[in-house]
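Worksheet: one structure, shown below.
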Amino acid sequence: MSQFDSDVENECGYSDGGASIELVIEPREKDLGGLSVRRVLPSARRQMVGPWIFFDHMGPADFPAGEGISVRPHPHINLATVTYLFEGEIFHRDSLGSEQAIRPGDINLMVAGRGITHSERERPVVRGVPHTLNGLQLWLALPEADEECPPEFIHYPSESIPRVDVDGVAVRVMMGHAYGEASPVKTFADTIYIEAALDAGQTLELPDAEARGLYVADGRVTVDGRSLDTYAMAILKPGATVEVTAAVATRLAMIGGETLGERFIEWNFVSSDRERIRQAKLDWANQRFPKVVGDEQEFIPLPEK
């Protein structure tokens with residue numbers, strides 16, 4: 012589900028934007044065993060938006076009883092993962108011994124640092140009945156000084172995430188600072204991530220940042236007269252004042268922040284040092300990463316070239 016897959020990356024479509032839009036990315040949908048995944052980042056023309064280097068929208072997918080997601084243990088280095096659900100539940104386990112169900116509105120932050128292994132499954136009580144899964148899986152590149160930090164897992168329940176009314180629009184400040192609110196979610200570089208729910212006809216002025224990507228998770232909006240449909244991401248021009256108007260009831264996510272240096276990405280590994288990725292691949296192939304506590308029997312093999 013969160014695996015890097017280069018053929019999805021290469022199949023994305025793009026178009027040029029208007030006065031405040033630099034680029035529009037239309038991700039290609041891929042079916043991963045009954046779960047539709049749309050990959051926006053990284054792409055051939057845009058690897059990162061600020062510190063964000065990976066953006067997947069998983070679902071919405073409806074599963075009958077007895078079916079669902081089951082992502083076996085796999086490793087990460089030199090990044091942090093952010094998981095956020097609109098619908099459904101995922102059960103997280105990792106090599107630190109963390110066990111946490113994530114539900115809509117919560118944020119799971121997993122800092123891989125020098126190396127971590129985790130799995131993403133479903134509890135029997137969830138899998139045993141018909142259910143829906145819909146959410147975002149994002150990766151943050153870490154600043155070079157923090158790439159080899161100790162691994163860490165932090166769960167932020169929904170009620171800890173700030174909510175603010177902006178001229179009648181319901182906004183949640185998921186990470187960073189916006190609209191006078193500050194999220195408690197840990198960051199390593201200047202980072203912003205907001206979610207907004209607009210009714211048809213409502214307008215929202217977006218906060219500024221060094222880099223910004225506007226994603227339409229559901230609905231349709233206009234920006235400078237340009238229509239953006241569900242699953243499109245607009246890369247916004249630096250410094251531009253951007254107002255978004257909903258044509259229908261819409262859910263938006265905006266990510267962005269500080270621009271970091273070049274990053275290399277292979278499979279689940281992100282680093283500023285290509286040699287570090289080579290070493291991580293060898294370590295995983297030889298099972299030198301720590302095991303997921305409580306999920307030690309299975310693992311995803313290193314993909315063959």
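Residue numbers (this note's numbering): 12 to 316. All residues carry an ideal CB built from backbone N, CA and C; glycine is no exception.
| message | With three or more C-beta pairs closer than 8 Å as the rule, is the stretch 183 to 191 touching the stretch 122 to 137? | response | no
| Does the pairing of the stretch 110 to 117 with the stretch 36 to 50 give three or more beta-carbon distances under 8 Å? | no
| Would the beta-carbon of V227 fall within 7 Å of that of T241? | yes
| said: Less than 7 Å between the beta carbons of T143 and V303, yes or no? | reply: no
| task | Rounded to whole angstroms, what's the CA-CA distance from D210 to M59? Just pull it up for me. | result | 30 Å
| message | For a test of the three-state rule: what should DSSP assign to Q111, helix, strand or coil? | response | strand
| What number of angstroms, rounded off, separates the C-alpha of T160 from the C-alpha of V259? | As written in the sequence, residue 160 is Cys, which differs from the Thr given in the question. The straight-line gap from Cα to Cα measures roughly 44 Å.
| request: Look at the alpha carbon of I118 and the alpha carbon of E216, and state the distance between them as a whole number of angstroms. | output: 24 Å
| request: Could you pull the start and end residues of the beta strand (DSSP E) that W63 belongs to? | output: 63 to 74
| query | How should R299 be labelled, buried or exposed, when 16 other C-beta atoms within 10 angstroms of its C-beta is the threshold for buried? | reply | exposed
| In the stretch 110 to 195, which residue ranges form an unbroken beta strand (DSSP E) of at least 3 residues, counting only runs that do not cross its ends? | 110 to 113, 118 to 122, 127 to 132, 142 to 152, 163 to 167, 174 to 177, 180 to 186
| Which residue or residues does DSSP assign as beta-bridge partners of L294? | Sequence check: residue 294 is Asp here, not Leu. DSSP output for D294 lists no bridge partner at all.
| Is it right to say P75 is buried, meaning 16 or more other beta carbons lie within 10 angstroms of its own, or is it exposed? | exposed
| message | Distance check for R237 and P168, CA to CA, integer angstroms please. | response | 36 Å
| Residues bridged to E98 [DSSP beta-bridge criterion] | N145
| task | Following the continuous beta strand (DSSP E) through I266, name the residue where it begins and the one where it ends. | result | 261 to 268
| field | Collapsed DSSP secondary structure at E273 in the structure displayed | value | coil
| message | With a threshold of 6 Å on Cβ separation, who are the neighbours of W295 within its own chain once the five nearest residues in sequence on each side are excluded? | response | P86, L313
| task | Pick helix, strand or coil for V303, following the three-state DSSP scheme. | result | coil
| task | Compute the Euclidean distance between the alpha carbons of T270 and A152, then round it to the nearest angstrom. | result | 10 Å
| field | Delimiting residues of the beta strand (DSSP E) encompassing I36 | value | 32 to 37
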